[in-house]
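Protein chains in written order, with this note's numbering: chain G, 1 to 205; chain Z, 1001 to 1634.
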């Protein structure tokens, strides 16, 4: 029995002890890893479709559709990707038992992310008025890809808000696992953001 | 465990029973998180769908029994043909093999007390049931999907299929895919993390390797189907352009994405059969599987290669020659892991002392059909042959030998093999052997002549054919075969139903099986094992001393975990015990999430998108409430 670390830990100090004693990653981390794997495949398929359609078309984007904007998406994505830093800081702070500091970092990240999402949705609607998704294969895959990306950012924000809510009444081993899984997901969403941005801007190359 | 249990041991078992008890009656079934009960729910649900798919097949065979038959209209035939394919693949074979067999057996075989995520497991089942009901609602609205299970565009586009038929198909399969993804994720984590102390990855039962390979395939294959279906719905209902050439789309995009999923899917269907075969063969041959590591690797390799061969379903679509040659070569590679396994199965039987009871006979039938279907499969890798026989009954013959003969025979054999474990009673051996011969002869008679009519030029998917082409006798014999097959299947279920109530008591281990499910009582208690077993080989139930040690540990209270609703979690490769995980118990919320998701899909079908959004929100809310109940903290 001594081989086992304690099943539950209800104080930040106890959580930190469990974190140090652990031999393997917890079930929740693995669950998130597999979920990320299937989501990555999903996005791989969408990006693959983008290039499949691109190489089937002589003009990309087709005549009458404006080329993608460069500056604003770049700046916005840079802001989004930078939120990985506070999210990871939140994890390491919580793992050391410093819950309040971790929660503050999470809240900061969530605010930036929500700002990003708001701006992006505004751009999305603006673009949809300019060249609706029913116009061509280009606009269809453009809006599908961006829509899927925004949905994932939204899910990530929901997860972060959820973990903020859960840790309001203190940290436990179970919640620490949840925090780690959420951070994992968030980093993944940021990697996706870079892939989507690269694809979105590819006609400029 | 034949050792008598003494007073302290009994007290511990009673405590476990109190901790793991679930509510009785209907409420218990609706809120259950017990992997064995969820497995049984899957079993009976998939059996019902199997019945529906079977009736569809019999109706089609009746229509085709003679030329110019008028039993079915062309439109009805198309709907039956599509629903038969969709049902047998998505609502029978996969959920039966993974949902029913996998759920019931994987935790038992690895010595765990439940799946890694018990409530997610319940959710998988309820989503599966809801998606099945969703798709079958179309039958009652005379709007069943009618463009084939592959649903090729442009036929499936709005211009050519204006009804709701295709929307039922697309939304139903997205829905079904959520369930499968959740189940696959659960199996992978369970297999990685919940193996009994000492069950390092090389000591894991081959059945679990097959389940791992299947689950990984699902995780990486389903997204391309899901996305394909999303594109289809966006194009059908919101005017997007993915598949029409005039706006820069491409109908081949559908086929690429569909078969990028569809070919791994074929191996998803067949791999559990490999797993069942590798369970039954050692037991009745009374020896361990030969080439154990090679067989394990072959199972994983089949799943892996399955992702590189999809275009062999598209040899007749005008792809560049270099593409065709690449995929032909890749398809040939599948032969290698398949042959390794066929060799291992047959040689294990040959080197053992085989006892041909019904389960092993079904495995024999499986090997026959797998080899025959495999041989016709290799023929398709020859591109000119494929282009000549594509869309003929030769293809239908090939994949029915594989998908019925090879994939379903082990499931039938497995039903007999694990029946004593699940019910505590023995099936009737004589009737079981008779049912094997009926299904074997029926299968051969139904599907073998299809090779010949295929080569004679009979095309797939036709609802009737003229006389004078020389096809009549073959078609009649196929129909007769289908009814013989049905008789065999009915005899199987009659045998099992009768034995459930009248069979002789089986005891914990009637066949002297080597894996851990035989180390506990039949049926297993809600907590599976009174004491978490420790493992030193791939056939732990044949390590008699270890099992005696389990009994002794129960007396001492070691690894009993009778203080909470708990199971141990281990390291991924070596299964070194790492922590004790508090497992969640019964919960009504998975069912609630499934109901909200079902209504969400109904709203998408009827194009009430705002209401659909409300149900999506409700589903998320139900997930939140479900998660609000945390494991009890100290």
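Heads up, the beta-carbon is just placed ideally off N, CA and C, and yes, glycines get one too.
Tell me which residue opens and which closes the alpha helix (DSSP H) that residue i is part of.
i               : result
residue 1349(Z) : 1335 to 1351
residue 1465(Z) : Careful: residue 1465(Z) lies outside any alpha helix (DSSP H) and carries neither H nor E.
residue 1237(Z) : 1206 to 1238
residue 1255(Z) : 1251 to 1285
residue 136(G)  : It is not in any alpha helix (DSSP H) - residue 136(G) carries neither H nor E in the DSSP assignment.
residue 109(G)  : 99 to 130
residue 27(G)   : 27 to 54
residue 1063(Z) : 1035 to 1063
residue 1074(Z) : 1074 to 1086
residue 22(G)   : Unbroken run through residue 22(G): none, as it is neither H nor E.
residue 1124(Z) : 1118 to 1140
residue 1290(Z) : Note, residue 1290(Z): premise wrong, no alpha helix (DSSP H); not H, not E.
residue 1200(Z) : It is not in any alpha helix (DSSP H) - residue 1200(Z) carries neither H nor E in the DSSP assignment.
residue 73(G)   : 71 to 82
By the three-class DSSP mapping on this structure, what secondary structure does residue i have?
i               : result
residue 1(G)    : In this predicted model, residue 1(G) has a pLDDT of only 32, less than 50, meaning its place in the structure is not dependable enough to derive any value.
residue 1359(Z) : helix
residue 1502(Z) : helix
residue 1164(Z) : coil
residue 1001(Z) : Residue confidence for residue 1001(Z) is low, a pLDDT of 45 falling below 50, so the modelled location carries little weight and cannot support an answer.
residue 1190(Z) : helix
residue 1711(Z) : Shown here, chain Z extends from 1001 to 1634; a query on residue 1711(Z) therefore has no answer.
residue 1024(Z) : coil
residue 1113(Z) : coil
residue 1195(Z) : coil
residue 6(G)    : Note that residue 6(G) has pLDDT 46, beneath the 50 cutoff, so the model's placement of it is unreliable and no number is given.
residue 294(G)  : Look at the range of chain G in this structure, 1 to 205, and you will see that residue 294(G) is not part of it.
residue 170(G)  : coil
residue 143(G)  : helix
residue 1639(Z) : Examination of residue 1639(Z) is not possible in this model, given that chain Z is present from 1001 through 1634 alone.
residue 1014(Z) : helix
residue 1512(Z) : coil
residue 1151(Z) : coil
residue 64(G)   : coil
residue 1182(Z) : helix
How many angstroms separate the CA atom of residue i from the CA atom of residue j?
i               : j               : result
residue 1390(Z) : residue 63(G)   : 39 Å
residue 135(G)  : residue 128(G)  : 10 Å
residue 1172(Z) : residue 1544(Z) : 49 Å
residue 1(G)    : residue 147(G)  : Any reading at residue 1(G) must be qualified, since the residue scores a pLDDT of 32, below 50, and its modelled position is unreliable; the value itself is stated next. Between residue 1(G) and residue 147(G), the C-alpha separation is close to 50 Å.
residue 69(G)   : residue 201(G)  : 8 Å
residue 1612(Z) : residue 103(G)  : 33 Å
residue 1365(Z) : residue 1248(Z) : 49 Å
residue 1342(Z) : residue 1371(Z) : 8 Å
residue 118(G)  : residue 76(G)   : 11 Å
residue 1271(Z) : residue 1552(Z) : 38 Å
residue 1259(Z) : residue 1456(Z) : 27 Å
residue 1606(Z) : residue 1522(Z) : 47 Å
residue 1262(Z) : residue 1242(Z) : 19 Å
residue 1014(Z) : residue 1422(Z) : 21 Å
residue 1610(Z) : residue 1234(Z) : 16 Å
residue 1536(Z) : residue 1414(Z) : 26 Å
residue 1053(Z) : residue 1517(Z) : 31 Å
residue 1042(Z) : residue 1035(Z) : 10 Å
residue 1462(Z) : residue 1352(Z) : 47 Å
residue 1292(Z) : residue 1133(Z) : 41 Å
residue 1339(Z) : residue 120(G)  : 53 Å
residue 1506(Z) : residue 35(G)   : 41 Å
Residues of the stretch 1565 to 1588 of chain Z whose Cβ lies closer than 8 Å to any Cβ of chain B, in chain order: This model lacks chain B altogether; the protein chains it does include are G and Z.
Contact residues within the stretch 1177 to 1191 of chain Z, judged by C-beta distance below 7 Å to chain G: Answer set for the stretch 1177 to 1191 of chain Z: 1181, 1185, 1188, 1189.
Sequence ranges, beta strand (DSSP E) only - wholly within the stretch 1515 to 1593 of chain Z, length at least 3: Correct list: 1566 to 1570, 1577 to 1582.
Near-chain Z residues of the stretch 45 to 58 of chain G (beta-carbon distance less than 7 Å), N- to C-terminal order: Residues 45, 46, 49, 52, 53, 56, 57.
Interface positions of the stretch 1003 to 1026 of chain Z facing chain G (Cβ-Cβ less than 7 Å), listed along the chain: Correct list: empty, as no residue qualifies.
Contiguous beta strand (DSSP E) assignments of at least 3 residues, all confined to the stretch 1369 to 1457 of chain Z: Residue ranges of uninterrupted beta strand (DSSP E) with 3 or more members are absent from the stretch 1369 to 1457 of chain Z; none lies entirely inside it.
Start-end ranges of the alpha helix (DSSP H) lying completely within the stretch 1595 to 1622 of chain Z, minimum 4 residues: With a minimum length of 4 residues, no continuous alpha helix (DSSP H) run stays inside the stretch 1595 to 1622 of chain Z.
The stretch 130 to 143 of chain G: positions lying closer than 9 Å to chain Z by Cβ: Along the stretch 130 to 143 of chain G, going in chain order, the ones with a CB nearer than 9 Å to a CB of chain Z are 132, 133, 134, 135, 136, 137, 138, 139, 140, 141, 143.
Chain-ordered residues of the stretch 1063 to 1087 of chain Z with a beta carbon less than 8 Å from chain G: Listed by position along the chain: nothing, the set is empty.
Residues within the stretch 1249 to 1262 of chain Z neighbouring chain G, beta-carbon criterion of under 7 Å: Of all residues in the stretch 1249 to 1262 of chain Z, the ones placed with a Cβ closer than 7 Å to any Cβ belonging to chain G are 1249, 1250, 1253, 1257, in chain order.
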